[in-house]
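Trainee: Take this structure first; my questions come after.
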Amino acid sequence: MTTIVQRFDMMVRTSTAQAFFDRIGMTPLFGGILFATLWGVAVLSIEAITGRLFVERSGQQLETFLVELGLALILGELLVFVVAAMAAHENRTDRTIEELKLLPEVPRDGIDRTEAALNDYGSVRLAIVALSGFVFAFMAPILEFPIVGNYDAFNPAHWSPEVYVHRILGPVLGAGVALLVHVIISDSVRFWELAREITSIELTDLGRYMPFTNQGLSNAAIVIGFVAPFAFVAIVDRYLLLVASITLYGVVAALVGLFLPVWALRERIQDEKVKEAAWCQERIPKARAALRDSKPGAGQDLAGLLMYSKEVNEVHAWPIAPGGIARFTLFLLIPLGSWGGGALVERLVDSALG
């Protein structure tokens with residue numbers, strides 16, 4: 575039994591989403607688009623072959639059918655997104671590590687330790703995280719009780735094939751999302767720890783630390799990339815509370831994923847600014863005295879110190895360019911846009927059905 579558990583643990587530690595896409599010779603982007611398309615084609619084809627797509631239905635029946643079919647399609651697409659996002663995150667962390675290896679002020683032993691820790695979370699911890707997400711998604715429909723007011727909706731005997739599909743996909747998707755967020759936050763903590771080990775900060779060249787910033791922006795984009803299409807589920811009134819909860823949770827996770835990799839770097843930048851400002855303030859009075867004594871080169875020395883002091887004061891503590899903050903703000907607006915788009919689609923469908 576111990577050997578089986580050890581083998582399973584090793585399999586979990588060495589299996590990655592990126593390895594899957596490498597095996598099929600595709601990038602996570604194109605692989606995700608392909609499998610998402612195949613899912614949609616497969617679902618619609620089965621509906622057409624079984625004749626359910628062409629059954630004449632009344633207005634209410636047709637609306638219910640379209641909603642349940644839409645949920646089956648959306649949840650399947652989101653499950654594909656989670657797998658592709660996991661691979662994309664692995665790619666981003668690998669690139670971040672390679673870029674940080676070019677910076678001499680980042681200790682190599684710290685990089686090696688971080689690289690070894692990435693993608694290594696332990697089978698027990700991952701199992702607990704996945705089970706938590708599975709249980710949450712499985713129990714989520716209970717939130718519908720006060721809204722639906724009809725317990726027949728939770729009786730499998732009354733489920734259509736489309737309902738079976740999205741009720742099965744829901745818990746699986748919940749486990750996948752929990753794993754994805756856990757991996758992103760765990761890796762962000764590791765990059766935060768690595769940033770604390772930087773031996774010195776180049777205040778005049780903060781662009782060299784963009785790997786930390788890009789890692790944070792990638793984390794936020796991945797999380798919001800899931801929340802945005804999930805907001806379409808809000809077209810079903812009974813899922814409104816669930817979508818609002820997931821959106822709030824996603825925004826918090828996106829904020830943590832964005833700022834955690836650069837938080838320690840911000841602290842280091844602030845400390846370096848204080849140190850350099852103190853260095854300038856210590857030498858400026860001496861340079862002024864030398865200038866009053868008409869010493870050669872004193873004017874240039876003082877001008878240089880004053881200019882450098884000004885540059886130090888103007889350095890932003892957050893190593894995120896204003897454009898990056900604006901981009902993240904737009905990310906946060908995407909779920910609201912999706913929510914509004916879903917409401918518009920629902921209104922159009924209601925109008926079409928009379």
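Here this note's numbering is used: position 131 in the sequence shown is 705, and no number is missing along the way.
Where a beta carbon is used, it is the ideal one built from N, C-alpha and C, also for glycine.
1) Would you kindly work out how many angstroms separate the C-alpha atoms of Ile820 and Pro803, rounded to a whole number?
2) Rounded to whole angstroms, what is the Cα-Cα separation between Ile607 and Gly790?
3) Between Ile623 and the ligand SAM, is the CB less than 7 angstroms from at least one heavy atom?
4) What do you reckon, are the CB atoms on Val762 and Gly824 nearer than 8 angstroms?
5) Within 10 angstroms of the Cβ of Phe628, are there 16 or more other Cβ atoms? Answer buried if so, exposed if not.
6) Within this structure, are the beta carbons of Ser774 and Glu885 separated by less than 8 angstroms?
7) Excluding the 5 residues preceding and the 5 following Arg842 in the sequence, name in chain order all residues of the same chain whose CB lies nearer than 8 angstroms to its CB.
8) Reducing DSSP to helix, strand and coil, say where Val622 ends up.
9) Taking Glu888 as the reference, give the member of Leu876, Phe639, Ala851 and Pro859 with the closest Cα.
10) Would you mind sorting Asn793 into buried or exposed? The rule is 16 or more other CB atoms within 10 Å of its CB.
11) What residue range is occupied by the uninterrupted alpha helix (DSSP H) comprising Glu888?
12) By the DSSP assignment, the alpha helix (DSSP H) with Asn665 in it spans what residues?
13) Does the region 649-662 come close enough to the region 740-760 that 3 or more CB-CB pairs lie under 8 angstroms?
14) Is the CB-CB distance between Ser828 and Ile858 below 8 angstroms?
15) Using a Cβ-Cβ cut-off of 6 angstroms (strictly less than) and excluding sequence neighbours within five positions of Arg587, which residues of its own chain qualify?
16) Measuring CB to CB, does Val752 end up less than 8 angstroms from Gly707?
17) Cα-Cα, which of Gln634, Thr688 and Ile796 is closest to Ala661?
18) If we count the other Cβ atoms within 10 Å of its Cβ and call it buried at 16 or more, is His890 buried or exposed?
19) Reducing DSSP to helix, strand and coil, say where Thr611 ends up.
20) In or out: Leu705 buried (at least 16 other Cβ within 10 Å) or exposed?
21) Would you tell me roughly how many angstroms separate the C-alpha atoms of Ile623 and Thr611, rounded to the nearest one?
22) Roughly how many angstroms separate the alpha carbons of Asn665 and Trp733, rounded to a whole number?
23) Measuring only the C-alpha atoms, how far is Phe765 from Asp683?
24) Which residues in the same chain as Gly873 place their Cβ atom closer than 7 angstroms to its Cβ, once the five residues preceding and following it in sequence are excluded?
25) Where Ile685 and Leu674 are concerned, what is the direct C-alpha to C-alpha distance, given to the nearest angstrom?
26) Inspect the beta-carbon positions of Leu839 and Pro893 and report whether they are closer than 8 angstroms.
27) Among residues of its own chain, excluding the 5 on either side of Thr590, which ones have a beta-carbon nearer than 7 angstroms to its beta-carbon?
28) To the nearest angstrom, how far is the alpha carbon of Asn729 from that of Phe712?
29) Rounded to the nearest angstrom, how far is the Cβ of Phe609 from that of Val656, given a contact under 8 angstroms?
30) Please report the straight-line C-alpha distance between Pro835 and Val755, rounded to a whole angstrom.
Mentor: Quick look at the numbers:
1) Rounded to the nearest angstrom, the two C-alpha atoms are 12 angstroms apart.
2) 24 angstroms
3) The ligand SAM is not part of this structure, which contains no ligands at all.
4) Before going on, a small fix: residue 762 reads as Ser here, not Val. Between Ser762 and Gly824, the C-beta gap is not smaller than 8 angstroms, which leaves the two residues out of contact.
5) exposed
6) no
7) Ala769, Arg770, Ile772 and Ile775
8) A small fix is needed here, since residue 622 is Ala in this sequence, not Val. Note: Ala622 maps to helix in three-state DSSP.
9) Selected option, being the one with the closest Cα: Ala851.
10) buried
11) Ala872 to Glu888
12) Gly633 to Leu674
13) yes
14) For clarity, residue 828 is Ala in the given sequence; the question names Ser instead. For Ala828 and Ile858, no; Cβs fall outside 8 angstroms.
15) Here Arg587 scores only 47 on pLDDT, less than 50, and its place in the model is too uncertain to base an answer on.
16) According to the sequence shown, residue 752 is Ala rather than Val. Going by C-beta atoms, Ala752 is nearer than 8 angstroms to Gly707.
17) Ile796
18) If you draw a 10 Å sphere on the C-beta of His890, you find fewer than 16 other C-beta atoms in it, and that means exposed.
19) helix
20) exposed
21) Whole-angstrom Cα-Cα distance: 18 angstroms.
22) So the two alpha carbons sit approximately 40 angstroms from each other.
23) 13 angstroms
24) Contacts found: Leu865.
25) 8 angstroms
26) Going by C-beta atoms, Leu839 is nearer than 8 angstroms to Pro893.
27) Glu664 and Asn693
28) 14 angstroms
29) Phe609 to Val656, Cβ: 11 angstroms. No contact.
30) 15 angstroms
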